[in-house]
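Let me begin by presenting the structure, written as structure tokens, before commenting on it.
Protein chains in written order, with our numbering: chain A, 7 to 120; chain B, 3 to 115.
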């Protein structure tokens, strides 16, 4: 089945690290994505990881993938107030049609306080 | 600048009326998608198109229709048959429909009363 779960809310202080977690169910996922959505806006691709990797670092962002547990996390170092947004995890599934389907989690609202 | 545009940003309609949401991209992407977002929920796929003159139903296509007559354009019509049309609608595109990241437009918030 296709299901992606995230906690709904995370609150941190400016300067701390934030860790947003995601679990998924489809073991055939090829890519896993993190998107950021600011209020009233579309989704912005933050980073992605291929399923044969277990870590990817991109400036303040670190993605960890535990394929055995189907667990994905996004760590934001030195979190800033501008990081306040909703963060979506998405798994990529390619069924027989060859069309890549993205299955999104419910999103985690990150609130960064000064 | 390359990107995806959606218009209008806010749209208000009376119940029983069809309404068409615009989505245009100048990224030369083959694949385009329409998603619906409801509060506290993830995005759900309405329709997608892998190439011009071709489109397929997604997970929640009932009450919606699309066309793909040009590569750059993928308009979505919300018909009166859609029971709960009030939502935030997001259009996306990708280089191809297989295994490439999707880029999103700014969205259209539709309110039907």
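We put the CB at the ideal spot given by N, CA and C, even for glycine.
Closer than 9 Å at the C-beta level to chain B, one finds these residues of the segment 107–118 of chain A: 107, 108, 109, 110, 111, 112, 113.
Straight through space, the alpha carbons of residue 69 of chain B and residue 93 of chain A are spaced by roughly 31 Å. No Cβ-Cβ contact shorter than 8 Å links residue 114 of chain A with residue 51 of chain A. DSSP, reduced to helix, strand and coil, places residue 89 of chain A within a helical segment of the structure shown. Ranking A/106, A/120, A/116, A/61 by CA distance to the CA of residue 32 of chain B puts A/106 first.
Remark: C-beta atoms of residue 57 of chain A and residue 30 of chain A do not approach each other more closely than 8 Å. In the three-state scheme derived from DSSP, where H, G and I count as helix and E and B as strand, residue 85 of chain B is classed as coil.
Nearest neighbour of residue 88 of chain B by Cα position, chosen from B/23, B/7, B/5, turns out to be B/23. Around the beta-carbon of residue 12 of chain B, fewer than 16 other beta-carbon atoms lie within 10 Å, marking it exposed. Residue contact check for residue 49 of chain A against chain B: a CB pair falls below 8 Å. For chain A, the residues of the segment 39–65 of chain B that bring a beta carbon within less than 9 Å of one of its beta carbons are 39, 42, 43, 44, 45, 46, 47, 50, 52, 58, 60, 61, in chain order. When 7 Å is used as the limit between beta carbons, residue 54 of chain A is near these residues of chain B: 103, in chain order. Runs of the beta strand (DSSP E) spanning 3 or more residues and lying entirely within the segment 3–28 of chain B occur at 6–9, 12–15, 21–27, in chain order.
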